[in-house]
Amino acid sequence: MMPRIKIGIIGFGTIGSGVVKILETNGDIIKKRLGTEIEVIKIADLDISTDRGLNVDQNILTADAQQLVNHTEIDIVVELIGGYEPARSLILQSISNGKHVVTANKALLAIHGDEIFSTADHNHVSIGFEASVGGAIPVIRSIRESFVANKISNIEGIVNGTANYILSKMSDEHCSFDLALKEAQEKGFAEADPTFDIEGIDSAHKIAILTRLAYGTPINFDDINTQGISGISSEDIECAREFGYRIKLLAISKFNGESIDIRVHPAMIPQSHPMANVNGVFNAVRLCDDLMEENILVGHGAGSLPTGSAVVADIVQIARDILSGSKNRVSSQSFQNNEIKSIPIMNIKDIHSEYFLRFSVLDNPGVLSRISGILGSYSIGILSVIQKGRSDQGKGVPLIMMTHRSNEKDIQSALREIDDLDVTCEKSNFIRVEK
Ligand code: HSE
Numbered sequence: 001m002m003p004r005i006k007i008g009i010i011g012f013g014t015i016g017s018g019v020v021k022i023l024e025t026n027g028d029i030i031k032k033r034l035g036t037e038i039e040v041i042k043i044a045d046l047d048i049s050t051d052r053g054l055n056v057d058q059n060i061l062t063a064d065a066q067q068l069v070n071h072t073e074i075d076i077v078v079e080l081i082g083g084y085e086p087a088r089s090l091i092l093q094s095i096s097n098g099k100h101v102v103t104a105n106k107a108l109l110a111i112h113g114d115e116i117f118s119t120a121d122h123n124h125v126s127i128g129f130e131a132s133v134g135g136a137i138p139v140i141r142s143i144r145e146s147f148v149a150n151k152i153s154n155i156e157g158i159v160n161g162t163a164n165y166i167l168s169k170m171s172d173e174h175c176s177f178d179l180a181l182k183e184a185q186e187k188g189f190a191e192a193d194p195t196f197d198i199e200g201i202d203s204a205h206k207i208a209i210l211t212r213l214a215y216g217t218p219i220n221f222d223d224i225n226t227q228g229i230s231g232i233s234s235e236d237i238e239c240a241r242e243f244g245y246r247i248k249l250l251a252i253s254k255f256n257g258e259s260i261d262i263r264v265h266p267a268m269i270p271q272s273h274p275m276a277n278v279n280g281v282f283n284a285v286r287l288c289d290d291l292m293e294e295n296i297l298v299g300h301g302a303g304s305l306p307t308g309s310a311v312v313a314d315i316v317q318i319a320r321d322i323l324s325g326s327k328n329r330v331s332s333q334s335f336q337n338n339e340i341k342s343i344p345i346m347n348i349k350d351i352h353s354e355y356f357l358r359f360s361v362l363d364n365p366g367v368l369s370r371i372s373g374i375l376g377s378y379s380i381g382i383l384s385v386i387q388k389g390r391s392d393q394g395k396g397v398p399l400i401m402m403t404h405r406s407n408e409k410d411i412q413s414a415l416r417e418i419d420d421l422d423v424t425c426e427k428s429n430f431i432r433v434e435k
């Protein structure tokens, strides 16, 4: 009879409850596949009194996470509290005590990944973090194992369920930003601090992790150009629709062999794009490489059971290694630790893209030619133009343009000049177009 795998869970919130529920309801099928049982022997949370509707022995609950970290029988510590501290210290202590770790903590891995991975490597333990990116989507396993022979060159992802839920609700149901956010929070998708979702920080954490795995490089988080969806108005969404596009918060990482173009921002994608109809809490990650060209993975990006299932999958994978006596069969970072080498990050000003431009200008003769003159002086070609409505005396009207592929630095310089014109009423706005 194979020994049971004993785990301790730190954090009995949305994901922690999901993990316990999955082990409770699907424990029999997991046992048939793994060959033994996974036993939760301790759960730590500051709140041990709230009834989660689960069949949990009260004696295994504790408010003291040290009891798990130092527990001699625990094989795997599952960290699901999120945030930097005390999560970082608890993980490092667990590793030093020879325990494998499973975590969904993208913020921690994006910022302190080097320290955590090297400490784990030094102590010969595994780190499972499938749940940190894309919820139920097995994107980390895909990069580490399924695409082990492939030279990945391009990652594009809708990797924040909350932001995607808000944009979908605004686009399809004309729901307000605030109401859509409130719904996402009620469904347990949003971070403790929802500005991480809205301002693109959570997506940046996730693309930092995927970039590390795909290209074998550490990423300095502050080098990721990050812009969220708080500046997206219902007018932007309407204009996008008129041009045949949808607006999505994209996390992008492109490697040209020398440097990496890594960024997070709202982008317009054509309605025919395979990710244009990835809506609500669904996430999608598109990977391009030299062998399969393109692969798109889609699934639930947040939520108790979807994310919980990714955590359980990691527990099972580590349990298999424990049972078979193998260690780090698959390198946690996808590359061997001594093969992780720093690759330069491209300055956002050097990228090229098509752009959607929105001006607010006086409805006077000659205005269009002054604006197109400035754009022309920076070699920015115009693909199409719409002026929406006519204005009352002295008030601005929206003037919308789509450009040909242009350089970001030129776009930013041109917009600064246009904003200084006496016919410009509000600061101009741009959204990058990804095809
Ligand atoms: N707040 C995150 C999201 C949770 O909305 O996608 C999953 O990482």
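The sequence shown begins at 1 in the numbering used here and counts up by one.
From the three backbone atoms N, C-alpha and C, an ideal C-beta is built for every residue, glycine too.
Relative to the Cα of I371, the nearest Cα in the group I411, K395 and Q333 belongs to I411. Non-local C-beta neighbours of I340 in its own chain, meaning closer than 7 angstroms and more than five positions away in sequence, comprise G216, T217, P218 and Q333, ordered along the chain. The closest CA to that of H205, considering only I158, S153, R144 and S96, is found on I158. Every residue whose beta carbon comes nearer than 6 angstroms to a heavy atom of the ligand HSE appears here in chain order: G135, N160, G161, T162, F189, A190, E191, D197, D202, G301 and A302. If you ignore the 5 residues before and after I386, its C-beta comes within less than 6 angstroms of the C-beta of I400, all in its own chain and listed in chain order. Within the DSSP secondary-structure output, V433 pairs in a beta bridge with M268 and E354.
Looking at the DSSP output, Q387 bridges to L399. The segment 43-60 makes contact with the segment 8-19, as at least three CB pairs between them are under 8 angstroms. A251 is bridged by DSSP to G157 and V264.
Excluding sequence positions up to five before and after S168, its CB lies within less than 7 angstroms of the CB of N279 and G280, all in the same chain and listed in chain order. Taking every protein chain shown into account, the CB of I29 has fewer than 16 other CB atoms within 10 angstroms, so this residue is exposed. Contact fails between the segment 140-150 and the segment 261-279, because fewer than three Cβ pairs, one in each stretch, are under 8 angstroms apart. In the structure shown, the three-state DSSP call for A44 is strand. Between the alpha carbons of I374 and C239 lies a gap of roughly 23 angstroms. Of the residues assessed, N164 falls on the buried side of the cut-off, its CB having 16 or more other CB atoms within 10 angstroms.
Residue burial annotation: M2 is exposed, with fewer than 16 other C-beta atoms found within 10 angstroms of its C-beta. Residue environment: P306 is assigned as buried (16 or more neighbouring CB atoms within 10 Å of its CB, all protein chains considered).
According to DSSP, residue pairing for L297 in a beta bridge involves V285. I76 is positioned such that its CB atom lies no closer than 8 angstroms to that of I127. Non-local beta-carbon contacts of N295 in its own chain, meaning distances under 6 angstroms to residues more than five positions away in sequence, involve L287 in chain order. Taking a C-beta distance under 8 angstroms as the contact criterion, L34 and R320 qualify as a contact pair.
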